[in-house]
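Visitor:
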Amino acid sequence: VGLLLRALGYPSKTIIYLAGSKTFGGQRLLIPLRALFGNLVDRTTLCSKTELSDLVGPEAPLPADIFRLPLPKSEQQLIDQWKKAGPRPRPLPPPPDRPIYQHEKEGWYAWILEKDKEPDPSPMEHRMQAHRLIWDALDYIVSVEADALFPGFNNDGSGWPDFSGLVIGQRLYERASSRTYRPDRKTIAALFNITRDDMYHPKRDWMLSVKEHLNRSLSEDGFFRQSLLSKPNSFLNDDMESAEDDNDTVEQLEPDAVDATSSLTSLIDHDEEWDPND
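Residue numbers are given in UniProt numbering: position 208 of the sequence shown equals residue 208, and the series is strictly consecutive.
(1) Could you pull the DSSP bridge partners for Arg179 from this structure?
(2) Following a CB-centred definition, is Leu69 positioned closer than 7 angstroms to any heavy atom of the ligand MN?
(3) Name the two residues that bound the continuous alpha helix (DSSP H) containing Pro32.
(4) In whole angstroms, what is the alpha-carbon distance linking Gly152 and Arg68?
(5) For Val41, does the three-state DSSP call read helix, strand or coil?
(6) Tell me the DSSP secondary structure of Ile194 in three-state form.
(7) Check whether the Cβ atoms of Gly20 and Phe223 sit closer than 8 angstroms, and answer yes or no.
(8) For Leu172 and Pro96, what's the separation of their Cα atoms in angstroms?
(9) Can you list, in chain order, the residues of its chain with a C-beta nearer than 6 angstroms to that of Ala257? Leave out the 5 residues immediately preceding and following it.
(10) Pull up the distance between the alpha-carbon of Ser178 and that of Leu62, whole angstroms please.
(11) Do you know how far the Cα of Arg43 is from the Cα of Asp136?
(12) Give the C-beta separation of Ser209 and Pro183 to the nearest angstrom, bearing in mind that I take them to be a contact with Cβ-Cβ under 8 angstroms.
(13) Cutting at 7 angstroms between CB atoms, please list the residues of its own chain near residue 282, excluding the five before and the five after it.
(14) State the Cα-Cα distance for the pair Ala148 and Arg225, rounded to the nearest angstrom.
(15) Could you tell me which residues DSSP pairs with Ile16 in its beta bridges?
(16) Below 8 angstroms on the Cβ atoms is my contact criterion, and I expect Leu5 with Phe150 to pass it. Report the Cβ-Cβ distance as a whole number of Å.
(17) Taking the alpha helix (DSSP H) that Gln76 belongs to, which residues open and close that run?
(18) Rounding to the nearest angstrom, what Cα-Cα distance links Lys186 and Glu212 in this structure?
(19) How long is the line joining the alpha carbons of Ile79 and Lys49, rounded to whole angstroms?
(20) Among Arg28, Arg175, Leu33, whose alpha-carbon lies nearest the alpha-carbon of Pro11?
(21) Look at Ile188 and Thr180 and say whether their C-beta atoms are less than 8 angstroms apart.
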């Protein structure tokens, strides 16, 4: 991202706000970006701990999650447990269970008998998850109101909305003229992998190709490409398809109705020609 921004002509003193609750790979991946742009900030550098705590609001203290030892057993309880333990010597442990295949997990009984997380999240984990939602909302507001937006990662192919996709859609809805880059990752990867010597010629510079692609994403081409990518996943697409299907059904019924009417008329005319005494 840093190389692409420098190719667009952004100076090293540009203030960049890093949005997102989770950085894949940690701060180690941000070292090259911080080397190119020294004014790389996020919510932790712009807001103090007091301001962030005021944003969260007052919270009741949670009970301490302390591991408690089981209650000691009396001598009589130990003797009874020893008598009910079974025959001695101990038998060998049972063999491991067979693997559960994916086709056996499908169905309504799978999510009833199985949990995604073991054990259940603690109250502190629930509170931390609520804090992450607040930080995401703060980053969302800053990203929507930013002068320029460059998504580092979006459209992972899962079909679910992601942070960058929601911000791009909100900026398009509020201000269609805002500077929102929509890079094509396949095109960018191809430009990064080019090793031809002529790509460094002044008239065929690599930076000119990158700048042309990113500037094209700001124009109508970027809108059309984004609409084609988002249309299959839009909930409006289902309504439009169902409406088209209804129209097709009506169009198919109309000729059938005309044919039935014409056949009925011909039969009536034919009956009039018949002699009732026959």
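Glycine included, each C-beta is placed from N, C-alpha and C at the ideal position.
As the structure is a computational prediction, the values presented were derived from the model and not from experiment.
Guide: Inspection of the coordinates gives the following:
(1) Paired residue(s): Ala148.
(2) Absence of the ligand MN is noted for the structure shown, with no ligands found whatsoever.
(3) Counting along the chain, the alpha helix (DSSP H) containing Pro32 begins and ends at 31–36.
(4) One alpha carbon belongs to Gly152, the other to Arg68, and they sit about 46 angstroms apart.
(5) The answer is strand: DSSP assigns Val41 an E or B state.
(6) Ile194 falls in the coil class under three-state DSSP.
(7) For Gly20 and Phe223, no; Cβs fall outside 8 angstroms.
(8) Straight-line Cα distance between these residues: approximately 56 angstroms.
(9) Residue placement at Ala257 is poorly supported in this model, since its pLDDT is 40, which falls under 50; the coordinates still yield a value, given next. Excluding positions up to five away in sequence, the list is empty.
(10) Looking at the two C-alpha atoms, the distance is approximately 44 angstroms.
(11) So the two alpha carbons sit approximately 10 angstroms from each other.
(12) So it is not a contact: roughly 12 angstroms between Cβ atoms.
(13) In the structure as shown, the chain starts at 1 and stops at 278, and residue 282 therefore has no counterpart that could be examined.
(14) Distance between the alpha carbons of Ala148 and Arg225 is about 19 angstroms.
(15) When DSSP reads this structure, Ile16 sits in a beta bridge with Leu40.
(16) Leu5 to Phe150, Cβ: 7 angstroms. Contact.
(17) For Gln76, the enclosing alpha helix (DSSP H) begins and ends at 75–83.
(18) Separation of Lys186 and Glu212 (C-alpha to C-alpha, rounded to the nearest whole angstrom) is 15 angstroms.
(19) Cα-Cα distance, rounded: 57 angstroms.
(20) Nearest option by C-alpha distance: Leu33.
(21) Taking the C-beta atoms as reference points, Thr180 is found no nearer than 8 angstroms to Ile188.
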